[in-house]
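Trainee:
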Amino acid sequence: MTGERNFIRENTNRVLIKEFLLKKIEGAGFGGMSIQRTPMGTRINILVERPGMVIGRGGSKIKELTEAIKERFNVDNPQIEIEEAGSKASLNAQIMAEKLSEALE
45 MTGERNFIRE
55 NTNRVLIKEF
65 LLKKIEGAGF
75 GGMSIQRTPM
85 GTRINILVER
95 PGMVIGRGGS
105 KIKELTEAIK
115 ERFNVDNPQI
125 EIEEAGSKAS
135 LNAQIMAEKL
145 SEALE
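The sequence shown runs 45 to 149 under my numbering.
1) Taking the beta carbon of GLY75 as the centre, do at least 16 other beta carbons fall within 10 Å, making it buried, or is it exposed?
2) Quick check on the DSSP output: what are the complete beta strand (DSSP E) runs of length 3 or more inside the stretch 59-109, in order along the chain?
3) Return the first residue and the last residue of the beta strand (DSSP E) that GLU128 is part of.
4) What residue does the alpha helix (DSSP H) around LEU144 start on, and which one ends it?
5) Count the C-beta pairs between the stretch 118-130 and the stretch 90-105 that are closer than 8 Å, then say yes if the count reaches three, no if not.
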């Protein structure tokens, strides 16, 4: 039973983190994320179209994101990695939907 509860808790936490990131890095072309648990901590890979908007000047925004995730979701030692979508942006449905909504506004 504890295995099932652990699985459910981790997946609900994953969804909450994804919703949080969608709100925080709106406009940067969020294309998805993956979470990997390692012995050193938790690695969060974020796929974005414009990584500069997520990282911020001197890494200030990424530090804020790391601290917010650590405090809000009780993630131990989160390590956020930003991956640029580049040429894959046109193949990512989430990025294209965000571009389309921006164009309509």
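Ideal placement from N, C-alpha and C gives every residue a C-beta, glycine not left out.
Mentor: By the coordinates alone:
1) buried
2) Runs found: 74-82, 85-92.
3) 122-128
4) 137-148
5) Flag = yes, the stretch 118-130 and the stretch 90-105 touch.
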